[in-house]
Structure formats: structure tokens, C-alpha cells
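Remarks on the structure that follows.
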Amino acid sequence: MKLSLVDMKPGQNGVIEKVMGGPGFAAKLGHIGLHRGKRIKKLSSIFRRGPVTVCIDNFQVAIGYGKAMRIMVEVDDGEENSAGR
Numbered sequence: 008m009k010l011s012l013v014d015m016k017p018g019q020n021g022v023i024e025k026v027m028g029g030p031g032f033a034a035k036l037g038h039i040g041l042h043r044g045k046r047i048k049k050l051s052s053i054f055r056r057g058p059v060t061v062c063i064d065n066f067q068v069a070i071g072y073g074k075a076m077r078i079m080v081e082v083d084d085g086e087e088n089s090a091g092r
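Numbers in the working numbering are just positions in the sequence shown, counted from 1, shifted up by 7.
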């Protein structure tokens with residue numbers, strides 16, 4: 008199932024399928040390791056449009072709500088894989 012990073016539940020794992028935005032936006036995300044095909048795990052999010060925290064390659068990264076809305080993830084079905092543990 009494909010969801011935006013915002014719509015994922017904490018603890019869910021998946022693979023980044025699409026980054027919606029221009030080349031500058033994709034480049035900024037690429038500098039912190041977020042690019043198409045990368046496996047991530049959503050750790051938490053703040054209620055009411057706050058930042059989303061994810062784990063990628065054993066690092067925790069906080070992403071603003073607006074940016075997280077533009078990152079589409081193919082979510083793993085059911086199983087709790089450990090991305091970045």
C-alpha cells in the first residue's frame with residue numbers, strides 16, 4: 008500500500024517510492040539519505056502538522072510536515088521489519 012510519510016503509523020516500515028517536487032527538493036532530501044528505493048521506518052510524528060521523525064541507515068531524521076506530505080512510501084504489509092536498527 009502506498010502512503011505519504013505523514014499517513015504512515017509510527018513503527019511502520021517501507022520503501023520510498025516517489026518524491027513529489029522539483030529537482031532542488033529531491034536534492035535536499037538526497038543529502039540526508041532520503042531517495043527513491045531507500046528503506047525507512049517511521050518513528051513518530053507530532054500532532055497537528057508537526058515534524059515527522061524517521062529512522063534511515065541507523066540515523067534519526069526529523070522532516071517537516073509539508074515535506075513529509077510529498078514523500079510517498081510503499082508500506083510493508085503487516086510485518087514489523089527493522090529499518091535502521
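Don't be surprised by glycine CBs; every beta carbon is placed ideally from N, CA and C.
Identity of the residue in the options nearest residue i by Cα
{"i": "I63", "options": "K45, Y72, L10, R77", "result": "K45"}
{"i": "N65", "options": "L36, L50, A75", "result": "L50"}
Beta-carbon contacts of residue i that lie in its chain and below 8 Å, excluding the five residues immediately before and after
{"i": "G57", "result": "Y72"}
{"i": "M8", "result": "E81, V82, D84"}
Sequence-distant residues of its chain with Cβ nearer than 7 Å to residue i (five each side left out)
{"i": "I23", "result": "L41, H42, R43, G44, K45, I47, I78, V80"}
{"i": "R92", "result": "Caution is warranted here: a pLDDT of 45 is assigned to R92, below 50, making its placement in the model unreliable, and no coordinate value can be reported."}
Which residues DSSP lists as bridging residue i, in chain order
{"i": "L10", "result": "V80"}
{"i": "I23", "result": "V80"}
{"i": "K49", "result": "V61"}
Integer Cβ distance of residue i from residue j, believed to fall under 8 Å
{"i": "L12", "j": "A75", "result": "4 Å"}
Proximal residues to residue i (C-beta, below 6 Å), its chain only, five neighbours per side dropped
{"i": "Q19", "result": "K49, V82"}
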